[in-house]
Amino acid sequence: MKELNIKHIFLVAALLLCSVIRAQQDPQFTHYMYNMSVINPAYATDTEGVINIGGLYRTQWVGAVGAPKTATLFVHSPIAKRIEMGLSVISDEIGDVVKENNIYVDFAYVLPVSENNKISFGLKGGFTFFDADFNGFQYSDTQPDPAFAENIHRTFPNVGVGTYFFSDNYYVGFSAPNLLKTKHLERQDAIATIGVEEVHYFFTGGYVFDLNPKLKFKPAFMAKGVKGAPMAFDLTGNVLVNNFFEAGVGYRIGDSVSGLVNFYVTPSLRLGYSYDYTLSNLGDYNSGTHEIFLLFDIGKASGKSKGYDKSPRFF
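Residue numbers (the working numbering): 43 to 357.
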């Protein structure tokens, strides 16, 4: 596939999605392009001899009662020709009530489709640990809802799938990281008390435009869809300076605007931060959202191929 065609695909997809997407789901990430293992099990770098490690922490809607907090961790590396495997962990907390921890093993099979382009197919499998603690709830009704009469502690198996089409300077991915619906509450005594987590779908993409030898423009997008809710769309534009410092802005349609920065602390360690300013009426009740991430590459190849004068891992 020619490079020009990839550029056209990316730009057209972004424009089309902008016209129809206008909401959000949780958990969400501003640095989605550096948290891709959690979203898509097919994510692969195909860098032999290097172990990729990443971590992200997000505290959303600071100051709001019950504001969400999310932490993720991933580790992945090639283990054989065309095969990458790893571990991904997601911890999501809403106030002091709901806590959900997801632990998955990720598998990706990488196939070359041309000299510079590759496609990978991924499978994710593991468990979700769901806890809800209703102690201390204050009810406005004289008769509390029976759905909250007892605390909940459940473990659910889950699987996910994805595909990832990429080269050194672009990617397009589609994934469903949780395919099995999970019921957090049950129907008892003829009372409907069901909480169901629906399947979420992610469509992502990014490209690196070389403006000059020291300046690169990196647009990216992420669309999220789930049954019963409008789609959500993130659009991000970053500028990479001298393969060392990166800054940009993001827009979550109908929800927030973001400022993003990251830089290489060492040739193998990257640190990033973002701040989201809420545009919706929720902005009256919070002071914004903070997110930090770390990316670390270790292995025999990292010392040879990673450096301030070399091309970094763009996504």
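Every residue, glycine too, gets a C-beta built ideally from N, C-alpha and C.
Contact between the stretch 331-340 and the stretch 90-98 is present: 3 or more CB-CB pairs across the two stretches fall below 8 Å. Distance from the Cα of Pro69 is smallest, within the candidate group Phe305, Ile161, Gly128, Asn144, for Asn144. In the three-state DSSP reduction, Val131 falls in the strand class (E or B). Going by C-alpha positions, Val281 is about 42 Å away from Thr197. Take Arg124, set aside five residues on each side of it, and the residues of its chain with a beta-carbon closer than 7 Å to its own are Tyr151, Val152, Leu153, in chain order. Per DSSP, the unbroken beta strand (DSSP E) holding Val140 starts and ends at 140-154.
In the DSSP assignment, Val201 falls within the unbroken beta strand (DSSP E) covering 194-208.
For Gly168, the secondary structure class from DSSP, reduced to helix, strand or coil, is strand.
Between Thr246 and Pro261, the gap from beta carbon to beta carbon reaches 8 Å or more. If you draw a straight line from the Cα of Ala109 to the Cα of Thr101, it is about 8 Å long.
If you look at Val80, you'll find it in the alpha helix (DSSP H) that goes 78-81. Closest by C-alpha distance to Asn328, out of Gly105, Asp175, Ala86, Tyr99, is Gly105. Residues of the same chain with a CB within less than 6 Å of the CB of Gly164, apart from the 5 flanking positions on each side, are Pro83, Ala84, Ala150, Gly204 in chain order. Residue state for Leu321 is assigned as coil, using DSSP reduced to three classes. Looking at the DSSP output, Lys160 sits in a beta bridge with Pro154, Phe208. With fewer than 16 neighbouring CB atoms inside 10 Å of its own CB, Ala271 falls in the exposed class. From the listed residues Met127, Phe216, Tyr315, the smallest Cα separation to Ile334 is found for Tyr315. Classified as buried, Lys166 has 16 or more neighbouring CB atoms from the shown chains inside 10 Å of its CB. Here the alpha carbons of Val155 and Phe263 stand approximately 24 Å from one another.
Counting other Cβ atoms within 10 Å of its Cβ, Ala289 stays below 16 and is therefore classed as exposed. Judged by DSSP secondary structure, Leu98 falls within the beta strand (DSSP E) whose first and last residues are 92-101. The three-state reading of DSSP puts Tyr213 in strand, counting E and B together.
In this structure, the alpha-carbon of Tyr319 lies about 42 Å from that of Glu157.
The criterion of a C-beta distance shorter than 8 Å is not satisfied by Tyr212 and Tyr243. Judged by DSSP secondary structure, Gly270 falls outside any beta strand (DSSP E); it is assigned neither H nor E. DSSP places Ala113 inside the beta strand (DSSP E), whose first and last residues are 110-122.
Closest by C-alpha distance to Thr112, out of Leu221, Val303, Asp138, Ser217, is Asp138. Restricting attention to Ser209, Gly215, Glu142, the CA atom closest to the CA of Ile194 is found in Glu142.
A Cβ-Cβ distance of about 6 Å is found for the pair Leu257 and Val283, placing them in contact under the 8 Å criterion.
Residue pairing by DSSP puts Thr308 in a beta bridge opposite Leu311. Per DSSP, reduced to three states, the secondary structure at Asp173 is strand.
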